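*Asks:* The sequence shown: position 67 = 67 (the working numbering), numbered continuously.
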Amino acid sequence: MSQPDSVPLTFGQLSVRRIIARWPHARWPETYLSTAVAVPDGCPPERVAEALSTLCRRHESLRTHFSDTPEGPVQRVRPAADRVEAVTVGLPAGASEPEAIATARGLANERIDLETDFGRRFTVLTRGGRPRYVVIVADHIVADGFAHRRLRAELTVLMGGDDPQGREWLAQTPAQPAELALFQRSDANAARRQAALGRWAHLLETLPPEVFPVPEPAEEVPGRIEAQLRSPGARSALASGAGRLGVPAHGVLLSLTSLAVAAVTGTPQVVLTLQSSNRFRPPWHELVSSMNQYAPLPLDTGSPPAGFGRYAESVQGAALQAYRTGSYDMDAVTELVRAERGIALGFDHFYNFAAHDASSAPGHTGAGPGRIEATRPHRQIGPRLDVKIRSGPEMPIVVRADPRLLPQPRLHALLAWYDEQLHRLAADGDLGMDAAVAGCRDAVGRREVR
């Protein structure tokens with residue numbers, strides 16, 4: 001499909017550009033995403049180079065420049081090159097995949113100028129002169145987490161490896177961001193645009209100004225701490241408890257997180273920020289680009305339905321509504337908020353659930369508490385509270401926080417509270433809301449929520 005030389009940004013790209021633009025340039029690389037792809041044994045350097053070139057030919061996002069114009073930001077897709085530039089770095093003997101990623105990220109600490117450079121960097125890590133890993137580091141505007149998974153799968157097959165999903169994707173002609181940008185602004189998408197903007201207007205009309213929306217901070221102050229809970233027992237407890245309640249695991253942990261945010265901030269009315277993948281409609285659902293957008297979720301924890309199960313059910317329903325209207329024109333929403341509230345729009349209290357394998361966990365065995373460990377977040381700026389639930393047998397619950405809001409001892413106590421509540425849910429079949437809230441207040445050092 002022929003496109004103009006330049007087109008507007010997709011809604012996902014626009015959100016990334018507007019949010020990151022508020023941050024100091026030196027902090028931009030902290031937002032870059034990375035993935036390491038193992039090079040199959042026997043794959044020569046020439047095949048690695050050709051595989052990267054093919055990847056860039058297939059996905060226009062990897063060869064797009066972004067710039068501002070008087071009419072707004074635009075993207076310009078450039079012709080595919082015969083050979084793609086990649087940096088080659090030798091690895092020490094025995095280096096693991098995490099060490100490989102760390103090595104490549106260290107080479108990507110300089111900000112990418114998206115107007116003159118493509119928003120990705122390829123590094124080929126060698127050992128004994130043979131390629132062992134290809135590491136892709138990309139600005140979030142180029143590829144979100146799903147897009148990285150697609151690039152990883154396709155690159156594996158292009159280098160001679162085995163990945164069934166990668167083979168399936170390579171057999172398709174991929175959709176492109178420029179096509180999506182034009183569709184999102186077309187008459188065919190007008191009803192969805194209006195519905196998304198209408199939800200923001202409804203929230204502004206029905207919620208008090210001190211609750212919604214979160215204002216943009218006057219100054220982004222760097223400095224974040226992080227810790228994670230690793231608990232196979234909590235994972236199996238979540239699967240058991242969610243099954244008994246009839247509420248998805250996502251909704252159970254989101255409900256607990258809303259109680260945590262209320263305790264940490266000292267107010268029963270909270271606004272969480274969900275991340276809508278916006279990957280619901282073909283052909284855009286498997287696009288290599290940034291599709292994620294922030295979806296605000298206001299909740300009142302002060303007068304919940306009786307019992308945690310009823311509360312979690314209502315929270316999950318509200319979250320689904322937020323996700324459904326999570327694709328919107330960031331500039332239009334920002335303009336609406338400024339007109340109605342006279343403030344710049346901000347976001348805080350993030351929740352990101354990626355433990356989609358949690359429902360397949362073995363039945364709850366009453367295993368003991370998990371382990372809590374301090375980690376150092378790569379990103380030292382952004383939301384004051386950011387909760388991520390990752391996949392895997394230990395289901396890491398990762399909380400990144402501003403220590404001025406939640407000091408490290410309280411952060412660790414909060415993670416212990418998550419662990420305790422999930423085990424209690426599996427054992428008792430429900431939670432007493434008053435006890436859960438009181439326990440969380442004790443963990444974070446708040447006597448009451450006002």
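Don't be surprised by glycine CBs; every beta carbon is placed ideally from N, CA and C. Model, not experiment: these values are computed from the prediction.
Could you name the residues of the same chain whose beta carbon sits closer than 7 Å to that of P305, not counting the 5 residues immediately before and after it, in chain order?
*Replies:* Taken in chain order, the residues that qualify are Y311, S314.
*Asks:* As a quick exercise: from L297, P208, F280, E420, pick the residue whose alpha carbon is nearest that of G241.
*Replies:* Checking every option, the nearest Cα to that of G241 belongs to E420.
*Asks:* Classify L9 as helix, strand or coil using the three-state DSSP reduction.
*Replies:* Coil at L9, not helix or strand.
*Asks:* Would you identify the three-state DSSP class for E226, choosing helix, strand or coil?
*Replies:* In the structure shown, E226 sits in a strand (DSSP, three-state: E or B).
*Asks:* Suppose contacts are defined by Cβ-Cβ distances below 9 Å. Is G309 in contact with L245 by that definition?
*Replies:* Cβ distance < 9 Å, so G309 and L245 count as in contact.
*Asks:* Taking the alpha carbon of T325 as the point to measure from, which residue in A195, D41, H423 has its own alpha carbon closest?
*Replies:* The option with the nearest alpha carbon to T325 is A195.
*Asks:* Is the separation between the beta-carbon of I136 and that of R120 shorter than 9 Å?
*Replies:* Yes. Within cutoff.
*Asks:* Taking the continuous alpha helix (DSSP H) assigned at Q269, which residues delimit it?
*Replies:* It is not in any alpha helix (DSSP H) - Q269 instead sits in the beta strand (DSSP E) that spans 269-276.
*Asks:* So, helix, strand or coil for A138, using DSSP?
*Replies:* In the structure shown, A138 sits in a strand (DSSP, three-state: E or B).
*Asks:* By how many angstroms is the C-alpha of R78 removed from the C-alpha of Q184?
*Replies:* About 22 Å.
*Asks:* Buried or exposed: L14, going by 16 or more other Cβ atoms within 10 Å of its Cβ?
*Replies:* Under this definition L14 is a buried residue.
*Asks:* Looking at P383: is its Cβ nearer than 9 Å to the Cβ of T273?
*Replies:* Contact flag set, yes.
*Asks:* Mind checking who Y294 pairs with in its DSSP beta bridge?
*Replies:* Q275.
*Asks:* Would a C-beta distance cut-off of 9 Å place F66 and E115 closer than the cut-off?
*Replies:* Yes, the pair counts as a contact, with Cβ atoms nearer than the cut-off.
*Asks:* Among S53, L182, P209, whose alpha-carbon lies nearest the alpha-carbon of P298?
*Replies:* Selected option, being the one with the closest Cα: P209.
*Asks:* Taking Cβ to Cβ, would you say V87 is nearer than 9 Å to T54?
*Replies:* Contact: no.
*Asks:* Can you tell me whether DSSP reads I101 as helix, strand or coil?
*Replies:* Reduced to three states, the DSSP call for I101 is helix.
*Asks:* Below 9 Å between beta carbons: does that hold for R132 and L91?
*Replies:* In contact: R132 and L91 (Cβ atoms closer than 9 Å).
*Asks:* Closest to A239 by C-alpha separation, out of E340, R199, R338, A355, would be which residue?
*Replies:* Taking only the C-alpha atoms, the option nearest A239 is A355.
*Asks:* Just verifying my parser: in three-state terms, what is the DSSP assignment at P215?
*Replies:* In this structure, P215 counts as strand in the three-state DSSP scheme.
*Asks:* Can you round the beta-carbon distance between D27 and I381 to whole angstroms, since I take them to be within the 8 Å contact cut?
*Replies:* Per the sequence shown, the amino acid found at residue 27 is Arg instead of Asp. The Cβ separation is near 5 Å, so the contact holds.
*Asks:* Quick one: using the 10 Å Cβ neighbour count with 16 as the cut-off for buried, is L320 buried or exposed?
*Replies:* By the neighbour-count rule (16 or more Cβ atoms within 10 Å), L320 is not buried but exposed.
*Asks:* Does DSSP put M1 in a helix, in a strand, or in coil?
*Replies:* Note on M1: pLDDT 45, under 50, position unreliable in the model; the coordinate value appears next. Of the three classes helix, strand and coil, the one that applies to M1 here is coil, per DSSP.
*Asks:* Please confirm if the stretch 151-159 is in contact with the stretch 34-44, defined as three or more CB-CB distances below 8 Å between the two stretches.
*Replies:* With the cut-off at 8 Å, the stretch 151-159 and the stretch 34-44 touch.
*Asks:* Can you list, in chain order, the residues of its chain whose CB lies under 7 Å from that of M1, leaving out five sequence neighbours each side?
*Replies:* Residue placement at M1 is flagged as unreliable, the pLDDT there being 45, under the threshold of 50; the coordinate-derived value follows with that caveat. Cβ within range, chain order: E179.
*Asks:* Could you check if E226 is buried or exposed, using at least 16 other CB atoms within 10 Å of its CB as the buried criterion?
*Replies:* That one is buried.
*Asks:* Identify the continuous beta strand (DSSP E) that holds A374 and give its terminal residues.
*Replies:* Per DSSP, A374 belongs to the beta strand (DSSP E) from 371-375.
*Asks:* For V39, does the three-state DSSP call read helix, strand or coil?
*Replies:* Three-state DSSP puts V39 in coil, outside helix and strand.
*Asks:* Nearest to N292 by alpha carbon, out of S303, R281, Q275, M395?
*Replies:* When only C-alpha atoms are compared, the closest one is Q275.
*Asks:* Under a Cβ-count criterion, where at least 16 other Cβ atoms within 10 Å of its own Cβ denotes burial, should H349 be classed as buried or exposed?
*Replies:* Its Cβ being crowded by 16 or more others within 10 Å, H349 is buried.
*Asks:* Am I right that R216 and L385 are in contact with their C-beta atoms under 8 Å? What's the rounded C-beta distance?
*Replies:* Note on residue identity: the sequence assigns Glu, not Arg, to residue 216. The pair is not a contact, with the Cβ atoms about 16 Å apart (cut-off 8 Å).
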